[in-house]
Amino acid sequence: MACPSGTFAYTIRAGDTFYLIARAHGVSLDALIAANPGVNPDRLQIGQVICIPTSPGPGPQPGACPTLRLGSQGASVRQLQTLLRNNGFDPGPIDGIFGNRTHAAVIAFQRSRGLVQDGIVGVLTWTALGVNCGTTPTPPPQTCPPGTRSYEVRAGDTFYTLAIRFNTTVAAIQRANPNVNPNDLRIGQRICIP
């Protein structure tokens, strides 16, 4: 699928919704829907290709948080490189050029914060770096009972894979999360892990 000028192609992954994609890439939900007139947002398929606008479009503008990716240049990239270095991730020279080293540093930072590791700096990555993007803050993570810890669901997570990763059982995870549907986990959702 070829995306029109002013947009770029994105492949749907497990757990994606238009809302989460718009938030992750710093565009409004309306702009994302408008860029994909033939796509039903309620029937996204893994592997489906959609178009994401490169500018925020109508709605709240996260002016301090432009979407940056490999090849981006300018003052915003310098700010990104400085923030990465301040957080212990080496972006290479602070030169305002989003090259391979900056891309690798972004992915390492995203991995360390449990974000989608796509190397694209959107609102979620800016926010994790400590920038106020002028968007509604996400609700605080749920408080987990004693003997458990909070965990943010990532792409591909299931109660089964989490039980293996954290050396526990599916039943124990279900007991710690009585209001969570294990068949409807969402990327970014907070659950408790025993």
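Be aware that the sequence shown starts at 1, since it is given in the UniProt record's numbering, and climbs by one per residue.
Note that CB positions come from ideal geometry on N, CA and C, so glycine has one too.
Measuring C-alpha to C-alpha distances from phenylalanine 18 to each of Val39, Thr7 and Ser5 identifies Val39 as the nearest.
Between alanine 171 and glycine 15, the C-beta spacing is not below 8 Å. DSSP places arginine 78 inside the alpha helix (DSSP H), whose first and last residues are 75-86. Boundaries of the alpha helix (DSSP H) around isoleucine 173: 170-176.
Here the alpha carbon of proline 53 sits roughly 14 Å from the alpha carbon of threonine 11.
In this structure glycine 47 is exposed. Its beta-carbon is surrounded by fewer than 16 other beta-carbon atoms within 10 angstroms. Taken atom to atom, the span from the alpha-carbon of glutamine 110 to that of leucine 124 is near 9 Å. Using a Cβ-Cβ distance cut-off of 8 Å, the stretch 94-113 and the stretch 69-86 are in contact, since at least three pairs of beta carbons, one from each stretch, lie closer than that value.
Contact between cysteine 192 and threonine 158 is absent: CB atoms are separated by about 16 Å, not below the 8 Å threshold. Ranked by how close their Cα comes to the Cα of leucine 68, the residues Leu29, Arg23, Ala128 and Ile120 have Ile120 in first place. In this structure, DSSP gives serine 112 a helical state, which the three-state scheme calls helix. The shortest CA-to-CA distance from threonine 127 to any of Arg190, Leu84, His103 and Asn181 is the one to Leu84. Residue environment: isoleucine 164 is assigned as exposed (fewer than 16 neighbouring CB atoms within 10 Å of its CB, all protein chains considered). In the displayed model, threonine 102 falls within a helix according to three-state DSSP. Out of Gly88, Gln45 and Thr102, the CA that lies nearest to the CA of glutamine 73 is found in Thr102.
With 16 or more other Cβ atoms from the protein chains shown falling within 10 Å of its own Cβ, serine 28 counts as buried. A straight line joining the alpha-carbon of isoleucine 107 with that of histidine 25 spans about 15 Å. Under a 10 Å Cβ-count criterion, arginine 23 is classified as buried, with 16 or more other Cβ atoms of the shown protein chains found around its own Cβ.
Taking all protein chains in view, the Cβ of proline 37 is surrounded by fewer than 16 other Cβ atoms within 10 Å, so the residue is classified as exposed.
Our two residues, glutamine 117 and alanine 105, have alpha carbons roughly 11 Å apart in a direct line.
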